[in-house]
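Data block below; observations after.
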Amino acid sequence: EFLFECLSCNSEILIWSVYCCLLLLTEERLFFSKCHTVYGIESLVRSLQDVLQLNNVELHKQGLLLFTEILKRQPVEIKLFTNRGVCIKAIDVLMETVNCPVLEVVVEAVRAVAAFLRKDHLNSPPVPYEELKKLLEAVLKRCADLSPPQSSKRHAGDLLFSVSQSHPANRNLSRVPQRQGQFLLNTLESFRNACRLAVEFQSDPVAQENAFTAPNSKSKDTLSNFSEFLLRICDSLCIPMVMNYLERAVSPSVMEVFISTLNTLFTVMPNMRNKFSKKLASSSFIQVTLELKARFCSVQSNPALNQACSSFLCSLCLSLYSATEQERTSSQEGKEQEMSELLQKGLPQLNYTIAESLLLLAETAAPFSLDQSLCSHQHCFILLLYFAYTLGDSFHSDLLECRFVPEAELFLAIRNFLLSAQDHGDCPPPYILRAALYLLAVCQDKGKALDLRSLCTIRRILDNLPDLSLVYVHCPLLLKFFLRYPELMGRFGHQVLQLWFSWGDCKQTETEEAAFGVSDQLNSANPLLPILKSNSSILLILLDLVCSSSVEVAWKVLMTLRTFLERNEDVLVCDLLRSQFLQILQQLLVESSSASLQASRNLPVLLSLLFLVQLRSEGVRELDSIDFKLLHQVSNLCGKCRPRDTDLLQPSLNFLYWSLHQTTPCSQQRAVAVLLSNVSLLELLQKVLERTWLRSPPSEPAYLSSEDALLCSGWLLVASLLLYQHRYNTEVHQRLSLDLTEVLNAVISRKKKPILLLVSIMQFLRAVLRQNFSSSLLVSVGQNTAQGATQPQPSSLQDAALHPLTMQQVFLLVVSLQNLLVHVQLQKDLLLSQAVVACLETLVEYLYVKDQDVALHVASQPWHRFLLFTLLSGGQKSFLQPEVLRLMTLFLRYQSSNIISQKEISQILQEAAEANLAELPEVTSRALHLFLCQIQSSHCQVEPAQSGTVQTLLERLLGQRSTCVKHQDIV
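According to the working numbering, the stretch in the sequence shown is residues 2 to 972, in order.
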C-alpha cells in the first residue's frame, strides 16, 4: 500500500523505483490474492496519466510494463476494476500511449491493450463498448500507419517504419523489421482478444447492452454494434494490413494469431457468418492458408500455426457448405457432421504443396489396406478446391502472384481420382462427387475432352446415386459440361435441365444476377442461350420439360425459349418445334377449363413462342396437318377467351393473322374456311373491335398499351379475313357488324391513338373500301341506325352515289389523312406515312368507281399541292421520298394538273437520274417504279429526252429488284 501511495509523488526517480519494486512483486501470487492490485490500480492509472505528461520515455515504458503485468497476472476470480470510472480512465491512458510518437512506448501500449481486453477486467456494467471501439481503431490505425505503403515492394532488411527519427529514443533502433513484426503480432493479439471478448459476452445477458439507456432511446453502446464494428474493421484495416506484411515477410507466429483471429470472427456475429465466409473465400484465403501450411507446417513444425490453419479451414468450409445447403431442395441431414469429422481428421495432415496435392489425387491405397488417411486427404483437398473455385479463388493470389492451381493439371487430376475410385470400388460421398464434377466443369475449357472411359466412369458413378440433385451445383459451367457430351446429355440432360430451372430464379431468363465467383467468362444473360444455339437438339428436352414439369418450371423453360428465339433469328427450328408445340398446347387446353385459362401463366408464353417460331419460317410454304391442327386449337382457344384476356389473345391473333399471310393460295383458302367456320372466334373479334371506341386514351399518344396492341391485332386479322373471304368467296357462318361512323371517326378524330392502332384501322378501312362496303362477312351500320330499323336515306344525289359514305365524311377523311401526313413529316414515321398514302389511294379509287366527278374533285383539291410543298420542305428536301412519289403517282393517275406540273415531273426525273438507285431503300425504289410506269401509261406530255430517261430508269430499277421480294408486314 505504501508503494502505491508513493506513486502520487513528483520525483521521476522515486516513481521509477516504485515501478521496479511493484514489477518484482507481480511475480508473487500473494500480491494478487491479497487484493493489493485491486487497492492500488486506481493509483497506478492516475500515476500513468501524470507520467505521460513528462518527457521520460523510459518511465513511460516502465509504467506500461507494470500495468501490463498486473493486467496479465490478475486472477480471473478477483475483479481488478471494481469502479467503472477507473476502467474508463485506464482506456484513456491506453489511448494516449497508443498515439505516442515514440515507437517503443507504442509497442508497450499495444501489449497492455492486449492484456486489458479480458472479460473479468470489463464486466462492470455497462461495458464501455464505444470506448473500446475507439481504442481498437487507434491501435489498428497506428499499426497500419507504421507499415510501408502497400504498393511498395520492400525486402525484409529495409526500414519498414515511417516514424519520426528526430526523437532520441528512435536513433539507436536496430533490427527494425523484427520489431515491426513484433508490433504487428501484439496488435493482432489485441484484436484477437477483443474478438474473444465479444464471443464471451454473448452468454452474459448483462453485457448485451447498456442497462442505463433511457427509455424509448437507442443506445450505440451494445454488444451487437461492437461485434459489427469488429467485422467491419477487420475487413477495412486488419486484413489489408496483414496482406501488406505478407508482401515482405511471413512470420509463423504472426500468421497463427491472424488466422486464429479470423476463426474467432466466425462466431462473433453468427448471422453474418455466411457472408463473412464468402468474403474470405473470395479473397483467396483458402489459398493463403494452404500455402502457409505447406511452407511452415510440414514435418510436424509450427503445431500452433497448423492447428490454427486447420481449424480456420474447417470452419470456413463448414460455413460455406451450410450456406449452399440452405438453397438445396434435397435433404442433407447429417452430411454437415460427416464433413466436419472428415475435415477435422484430414486437415491437420494436409500440409502439401499444390503440386504434391495434385499428385496425391491420383494415388491409390494399397490393396486391403485399412488406412483411410489417403482417402481422407484426397477428399479434404477436393473440398478445399471446390469452395475456392466456387467463390472465385482460382485466379490471382496476392501471395505468390500465380494461378492457384493450373486448371489443365487439375482437370487431369480430378479425372484420375474418379477413375481410381471406380476401379477400386470406392464410392465417395455425394458432396465429394459434387465437388469433383464441379471442378471438372470449371476446368473443362483448359483441359482435353474426356475420353469414353472417363465418361462411362462418370455415368456409372451417377447411376448409383439415388438422386442427381445430391451432386448438382447451380452453375452454368456444370450445365455446359453435362450438355457438352452426348453420353452424359442423353442420360442426365433431362434431369440436369430440370434442376437448372428448378433452382434458377425466373429473372435469370433475362439477366443473370451477379454472385460470388461468377467470372466474366460466363454469359451475363441466360448462359443456356449460347448452348442452345450450338446444340439445337436440347430444344426437344426443354419442350419435354414443359409437358412433364411443374407449372413454375414450365414457365421458366418457355421464357428461356422465347428469349432464345427473339435473339437468334437465323436459327431454323420451325419443323423441330411445331409438332411439340401442338402436343403441349393440347395438353394445356385439356388440363385447363374455360374458367382457368386466364390463370395459366404458361399458356400465354407458349402462344408467344408459337408465333415466334412461325415468324422464323422463311418464305411461303404449304400448311400441313400440324399447321391446321394448331390453327384449329388456337382459334378455338380464342373463342373461349374474353376481350380483356390480352395475354392470351395477343399472340393468338398474331398467329392466326400470320397463318393467313405466310402460305400459298391453296392453303390460304383452307385456312380462311377454318377461321370463318368458328362462330365463337368471330363473336370474340366483334367484341374486341368494339372496345376501340371504349378505350381510354393514354397519357402519351405514342405509347402502345397491351390493350391497344390487342386492338391492332384484331383490326389486322379482320381486315385479312375480309380480303380473303372476298377473294375465295368463302362461306360465312357469322357476320361481323360494325358502326361505319365510329370507324371513320377513329381515323378522323384520332384522340391520342397510338400510331400502330391508326395504321391497323386504316388497313381495315382499305379492305372495306376495296369491296365497296359489300362484303358478305361485314354488316356496316350507321351511328343512328337502331336495331331492326332501316338505314337512313341519303340527303343528296352525291351522298346516294357514295353510299354508305357521305360527302362530308369523305372530305373529313381526306383532311384527316392530309394532317396525318404532315404529322408524319414531323415524326419521321415511315409506317404511318405508307399507311396514310395507301388509304388515300384506296379512297380515291373507291370514289372513282362510285362517282368519277367526285373522285377527280377530291384528287385536284388545292390543299394537295400545299401538302406536297410541306413534305418537300422537311429535312430531306428531296422528291425521292416514298410518300411524295406515291402522291405524285396518284395525282398523275387522276390528271390533277393543278397539283403536279411538268416542272415537278422534270425535277423528279432529273433527281432520279443523278441518284445512285442501288442505295435507295426498297420502299422508295418501288414508289419510284410506280411513278415511272404511271408516266408511261398516262397521257402526260413529256419531252422525247425525258421519255428516254424514264425508260432508262425503269431498266435500272428492274435490274436491281430482288428476285424474291420478302413479304413486308407491320406485325
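C-beta atoms are modelled at their ideal positions from N, C-alpha and C, and glycine is treated no differently.
>> With a threshold of 8 angstroms, are at least 3 pairs of Cβ atoms found where one atom belongs to the region 930-946 and the other to the region 850-859?
In response: Contact between the region 930-946 and the region 850-859 is absent: fewer than three C-beta pairs spanning the two stretches fall below 8 angstroms.
>> Counting only C-beta atoms, is residue 620 closer than 7 angstroms to chain C at any point?
In response: Among the chains in the structure shown there is no chain C, since it carries only a single protein chain.
> Among 959, 933, 938, 960, which one has its Cα closest to the Cα of residue 951?
Replying inline: Position 950 of the sequence shown, counting from 1, holds the residue named residue 951. Ranking 959, 933, 938, 960 by Cα distance to residue 951 puts 933 first.
> In its own chain, which residues sit with a C-beta less than 6 angstroms from the C-beta of residue 41, not counting the 5 before and 5 after it?
Replying inline: In the sequence shown, the residue the question calls residue 41 occupies position 40. Excluding sequence positions up to five before and after residue 41, its CB lies within less than 6 angstroms of the CB of 5, all in the same chain and listed in chain order.
> What does a CB cutoff of less than 7 angstroms around residue 111 pick up in its chain, not counting 5 residues either side in sequence?
Replying inline: Residue mapping note: residue 111 aligns to position 110 of the sequence shown, counting from 1. The beta carbon of residue 111 lies closer than 7 angstroms to those of 99, 140, 184, 187, 188, 191 in the same chain, with the five residues before and after it left out.
>> Using the three-state DSSP reduction, which class does residue 740 fall into: helix, strand or coil?
In response: As a working note, residue 740 is residue 739 in the sequence shown. Residue 740 carries a strand assignment under DSSP once its states are collapsed to helix, strand and coil.
>> Between which residues of its own chain and residue 761 is the CB-CB distance below 6 angstroms, once the five residues before and five after are set aside?
In response: In the sequence shown, residue 761 corresponds to position 760, counting from 1. In chain order, 713, 716, 717 place their CB closer than 6 angstroms to the CB of residue 761, counting only its own chain and leaving out the 5 sequence neighbours on each side.
> In terms of DSSP beta bridges, what is residue 976 paired with?
Replying inline: Residue coverage of the chain in this structure runs from 2 to 972, which leaves residue 976 outside it and unanswerable.
> Nearest to residue 609 by alpha carbon, out of 935, 744, 801, 654?
Replying inline: As a working mapping, residue 609 is identified with position 608 in the sequence shown. With distances taken between Cα atoms, residue 609 lies closest to 654.
> Cβ atoms of residue 443 and residue 478: under 7 angstroms apart, would you say?
Replying inline: If you number the sequence shown from 1, residue 478 lands on position 477. If you number the sequence shown from 1, residue 443 lands on position 442. Yes, the Cβ-Cβ distance between residue 478 and residue 443 is below 7 angstroms.
>> Rounded to the nearest angstrom, what separates residue 756 and residue 450 at their Cα positions?
In response: Residue mapping note: residue 756 aligns to position 755 of the sequence shown, counting from 1. Residue mapping note: residue 450 aligns to position 449 of the sequence shown, counting from 1. Take the alpha-carbon of residue 756 and the one of residue 450: they are about 55 angstroms apart.
> Pick from 643, 240, 835: whose alpha carbon is nearest that of residue 144?
Replying inline: Translated into the one-based positions of the sequence shown, residue 144 becomes position 143. It is 240 whose Cα lies nearest to the Cα of residue 144.
> CA-CA distance, residue 319 and residue 256?
Replying inline: Counted from its first residue, the sequence shown places residue 319 at position 318. Counted from its first residue, the sequence shown places residue 256 at position 255. In a straight line, the C-alpha of residue 319 is about 21 angstroms away from that of residue 256.
> For the candidate residues 829, 667, 748, 849, whose alpha-carbon lies nearest to that of residue 813?
Replying inline: The residue labelled residue 813 in the question sits at position 812 within the sequence shown. For the residues 829, 667, 748, 849, the minimum Cα distance to residue 813 belongs to 748.
> Leaving out five residues before and five after residue 891 in sequence, what residues of the same chain have Cβ atoms less than 6 angstroms from its Cβ?
Replying inline: Within the sequence shown, residue 891 is the residue found at index 890, counting from 1. 842, listed in sequence order.
> Roughly how many angstroms lie between the CA atoms of residue 481 and residue 388, to the nearest whole one?
Replying inline: Residue mapping note: residue 481 aligns to position 480 of the sequence shown, counting from 1. Residue mapping note: residue 388 aligns to position 387 of the sequence shown, counting from 1. Residue 481 and residue 388: Cα-Cα distance of roughly 20 angstroms.
>> My parser needs the beta strand (DSSP E) runs of 3 or more residues fully inside the region 397-449; what are they?
In response: Fully enclosed beta strand (DSSP E) runs of 3 or longer: not present.
> How many whole angstroms separate the CB atoms of residue 377 and residue 347, which I take to be in contact at a CB cut-off of 8 angstroms?
Replying inline: Residue numbering aside, residue 377 sits at position 376 when the sequence shown is read from its first letter. Residue numbering aside, residue 347 sits at position 346 when the sequence shown is read from its first letter. Right, their Cβ atoms sit about 4 angstroms apart.
>> By the DSSP assignment, the alpha helix (DSSP H) with residue 608 in it spans what residues?
In response: In the sequence shown, the residue the question calls residue 608 occupies position 607. Segment 603-617, the alpha helix (DSSP H) holding residue 608.
> According to DSSP, is residue 5 helix, strand or coil?
Replying inline: Within the sequence shown, numbered from 1, the residue matching residue 5 stands at position 4. If DSSP states are grouped into helix, strand and coil, residue 5 belongs with the helices.
> CA-CA distance, residue 226 and residue 233?
Replying inline: Here the question's residue 226 lines up with position 225 in the sequence shown. Here the question's residue 233 lines up with position 232 in the sequence shown. Rounded to the nearest angstrom, the two C-alpha atoms are 10 angstroms apart.
>> Checking the sheet assignment: what are the DSSP bridge partners for residue 779?
In response: Working through the sequence shown from its first residue, we reach residue 779 at position 778. Per DSSP, 737.
> If you scan the region 28-53 from start to end, which runs of the beta strand (DSSP E) of 3 or more residues do you find wholly inside it?
Replying inline: Runs of the beta strand (DSSP E) inside the region 28-53: none found.
>> Tell me which residue opens and which closes the alpha helix (DSSP H) that residue 85 is part of.
In response: The residue labelled residue 85 in the question sits at position 84 within the sequence shown. 85-99 is the extent of the alpha helix (DSSP H) around residue 85.
>> Let's test the definition: count the other Cβ atoms within 10 Å of the Cβ of residue 22 and tell me whether it reaches 16, buried, or not, exposed.
In response: Position 21 of the sequence shown, counted from the start, is the residue given in the question as residue 22. Under this definition residue 22 is an exposed residue.
> Exposed or buried, what is residue 176 when buried is set at 16 or more other beta-carbons lying within 10 Å of its beta-carbon?
Replying inline: Mapped onto the sequence shown, residue 176 falls at position 175. Caution is warranted here: a pLDDT of 47 is assigned to residue 176, below 50, making its placement in the model unreliable, and no coordinate value can be reported.
>> Contact between the region 671-678 and the region 615-623 is defined here as three or more beta-carbon pairs at a separation below 8 angstroms; is this criterion met?
In response: Contact between the region 671-678 and the region 615-623 is absent: fewer than three C-beta pairs spanning the two stretches fall below 8 angstroms.
>> For residue 648, count the other beta carbons within 10 Å of its own beta carbon; 16 or more makes it buried, fewer makes it exposed. Which is it?
In response: For the purposes of this step, residue 648 is taken as the residue at position 647 of the sequence shown. Buried: at least 16 other Cβ atoms inside 10 Å.
> Which stretch, first to last residue, makes up the alpha helix (DSSP H) that contains residue 552?
Replying inline: Numbered from 1 along the sequence shown, position 551 holds the residue referred to as residue 552. First-last of the alpha helix (DSSP H) with residue 552: 552-568.
>> Assuming residue 265 is part of the alpha helix (DSSP H), what are its boundary residues?
In response: Counting from one through the sequence shown, the residue named residue 265 turns up at place 264. Run containing residue 265: 253-266, per the alpha helix (DSSP H) assignment.
> residue 887 and residue 838 look like a contact to me (Cβ under 8 angstroms); what is the Cβ gap, rounded to whole Å?
Replying inline: In the sequence shown, residue 887 corresponds to position 886, counting from 1. In the sequence shown, residue 838 corresponds to position 837, counting from 1. That pair is a contact at about 5 angstroms.
> For residue 223, which residues does DSSP report across the bridge?
Replying inline: Translated into the one-based positions of the sequence shown, residue 223 becomes position 222. Paired residue(s): 210.
>> So, with DSSP's three-state summary, where would you put residue 118?
In response: In the sequence shown, counting from the first residue as 1, residue 118 sits at position 117. Here residue 118 sits in coil by DSSP.
> Taking buried to mean at least 16 other C-beta atoms within 10 Å of its own C-beta, is residue 445 buried or exposed?
Replying inline: Looking up residue 445 in the sequence shown gives position 444. Burial is judged here by how many other beta carbons sit within 10 angstroms of a residue's own beta carbon; residue 445 has at least 16 and is buried.
> With 16 as the cutoff for other CB atoms within 10 Å, does residue 230 come out buried or exposed?
Replying inline: In the sequence shown, the residue the question calls residue 230 occupies position 229. When all chains shown are included, residue 230 counts as buried.
>> So, at 7 angstroms on beta carbons, what are the nonlocal neighbours of residue 447 in its own chain, with the 5 sequence-adjacent residues on each side left out?
In response: In the sequence shown, counting from the first residue as 1, residue 447 sits at position 446. So the qualifying residues of the chain are 408, 409, 412.
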